[in-house]
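One line per chain: the protein sequences are A and B, in this order.
Heads up, the first sequence is in the numbering used here, so the first residue is 262 and it goes up one at a time.
Heads up, the second sequence is in the numbering used here, so the first residue is 408 and it goes up one at a time.
The next block holds one structure in the form of structure tokens; read it before the comments.
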Amino acid sequence: NAGVTQTPKFQVLKTGQSMTLQCAQDMNHNSMYWYRQDPGMGLRLIYYSASEGTTDKGEVPNGYNVSRLNKREFSLRLESAAPSQTSVYFCASSDLAGSSYEQYFGPGTRLTVT
Amino acid sequence: GQSLEQPSEVTAVEGAIVQINCTYQTSGFYGLSWYQQHDGGAPTFLSYNALDGLEEKGRFSSFLSRSDSYGYLLLQELQMKDSASYFCAVRWAAGNKLTFGGGTRVLVKP
């Protein structure tokens, strides 16, 4: 049981390049999330998927797109990277059936845009 | 929108008690969560309060007052491994969307 996995762990991009961050979970959770965390700050929600086939914008969606490929996988795409997108990106998943509403986080992708 | 306030840093010695306060303003409120994050690591869930009162989980307890839009995380019998950042997060929709505070860095000294 790996929980939430993310690839890659580190990435350096040049301004204008594109890339896709991959996320998968093996806990059979319906909901998945993408966050970004800038140094010394809290997490900000980029996009959210309540269930397979649905996605919704979070606080900071500009410059990003997402795909909920199936129940396990939720990818985040940067079409044209900008230095302002330098951050640590976390994917998370949760199951609303419980009462704790715990979100399980992946290890993160550290992205630098030069 | 949603906004949360928590202190940026707290320092304490091993064995001490630390209380991290969190005040929030939100258009909808379903509950308040707490997460711990060690440097370079991922956030991990500590607690969730939907109703007023104190929830105790071992050395960590969390409190919520909905009428005051206020909660706190209490860390007792501090250990060196408790040095980390702690985030409060408001669940503000019927799904599980969270808005996080800026985090409180707790430094435990010997």
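We put the beta carbon where it would ideally sit given N, CA and C, even for glycine.
If you're wondering where the values come from, they're calculated on a predicted model, not measured in any experiment.
Note on K516/B: under 16 other CB atoms within 10 angstroms of its CB, so exposed under the neighbour-count rule.
In this structure, the straight-line span from the alpha carbon of A449/B to that of F366/A is close to 6 Å.
A direct Cα-Cα distance of roughly 50 Å separates G460/B from K275/A.
Taking C-beta separations shorter than 6 Å and ignoring five residues to either side along the sequence, the partners of Y431/B in its chain run L411, S476, V497, following chain order. Burial is judged here by how many other beta carbons sit within 10 angstroms of a residue's own beta carbon; Q426/B has fewer than 16 and is exposed. If you check the CB distance, Q444/B and S468/B do not come in under 9 Å. Distance from the CA atom of N428/B to the CA atom of S361/A, rounded to whole angstroms, is 20 Å.
Around G369/A, the beta-carbon contacts reaching into chain B at under 7 Å are A449. Chain A has a Cβ within less than 9 Å of the Cβ of L505/B. F452/B has Y442/B as its beta-bridge partners, per DSSP. At a cut-off of 9 Å between beta-carbon atoms, R305/A makes contact with chain B. In chain order, D287 place their CB closer than 7 Å to the CB of N262/A, counting only its own chain and leaving out the 5 sequence neighbours on each side.
Annotation for P414/B: I427, N428, T511 place their beta carbon closer than 8 Å to its own, counting only its chain and skipping 5 residues before and after.
Around E416/B, the same chain offers R512 as residues with beta carbons nearer than 6 Å, after the five sequence neighbours per side are excluded. Ranking G502/B, G508/B, L514/B by CA distance to the CA of N291/A puts G502/B first. Annotated three-state conformation of M487/B is helix, per DSSP. At least one beta carbon of chain B lies nearer than 9 Å to the beta carbon of G319/A.
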